[in-house]
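So the structure is just underneath, and the comments pick up after that.
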Amino acid sequence: MDWPRFLTYLVVMAGVTYLIRMLPLVAVRGRVRSRFLQSFLYYVPYAVLGAMTFPAVFSSTGSLEASLAGTAAALALGWMGKGLLTVAVAACAVALLVGFVAPA
0 MDWPRFLTYL VVMAGVTYLI RMLPLVAVRG RVRSRFLQSF LYYVPYAVLG
50 AMTFPAVFSS TGSLEASLAG TAAALALGWM GKGLLTVAVA ACAVALLVGF
100 VAPA
C-alpha cells in the first residue's frame with residue numbers, strides 16, 4: 000500500500016466531509032423560516048442515499064434478472080408496510096434464488 004497517497008486521500012476526504020457538514024451551519028445563522036427550504040433540506044439526505052444506492056442494486060448481482068426480481072420483492076414488501084429487515088432479507092433471498100435459477 001502506498002501510505003503517502005492513502006494519507007493524502009484520507010485527509011482530502013475528511014476535509015470534504017467536514018466542509019459539507021460545516022458550511023450549512025456557517026451559512027445559515029438563524030432558523031430557516033421558508034417552508035420550501037425546510038422541506039428541501041429535509042428530503043436531501045433521502046434523495047442522496049437513493050441516488051447512491053439505487054444504481055448499485057442493478058450491478059451487485061451480475062444478473063439483471065436477479066436484480067429486478069430482488070427489487071420487485073423489496074418494492075412489494077415495502078409497499079405492504081413490512082419492516083426494513085424483512086424487506087432486505089426477502090429481497091436478498093429472492094435475488095439469490097433467481098440468480099441460481101437464471102445464472103449470468
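If you read the sequence shown in numbering that gives the first Met the number 0, its first letter stands for residue 0, the second for the next number, and so on. Note that beta-carbon positions come from the ideal geometry of N, C-alpha and C, so glycine has one too. Here the structure is a predicted model, which means the values were calculated and not measured.
By a C-beta neighbour count over all protein chains shown, 10 Å radius and 16 as the cutoff for buried, is residue 114 buried or exposed?
Absent from the model: residue 114. The displayed extent of the chain is 0 to 103, so no value can be given.
Where do the N-terminal and C-terminal ends of the alpha helix (DSSP H) with residue 60 fall, by residue?
Under the DSSP assignment, residue 60 falls outside any alpha helix (DSSP H); it carries neither an H nor an E label.
According to DSSP, is residue 33 part of a helix, a strand, or is it coil?
Residue 33 falls in the coil class under three-state DSSP.
Mind checking whether residue 97 and residue 61 have CB atoms under 9 Å apart?
no
Which value, in whole angstroms, describes the spacing of the CA atoms of residue 3 and residue 34?
46 Å
Return the residue from the list 22, 94, 43, 30 that minimises the CA-CA distance to residue 56.
94
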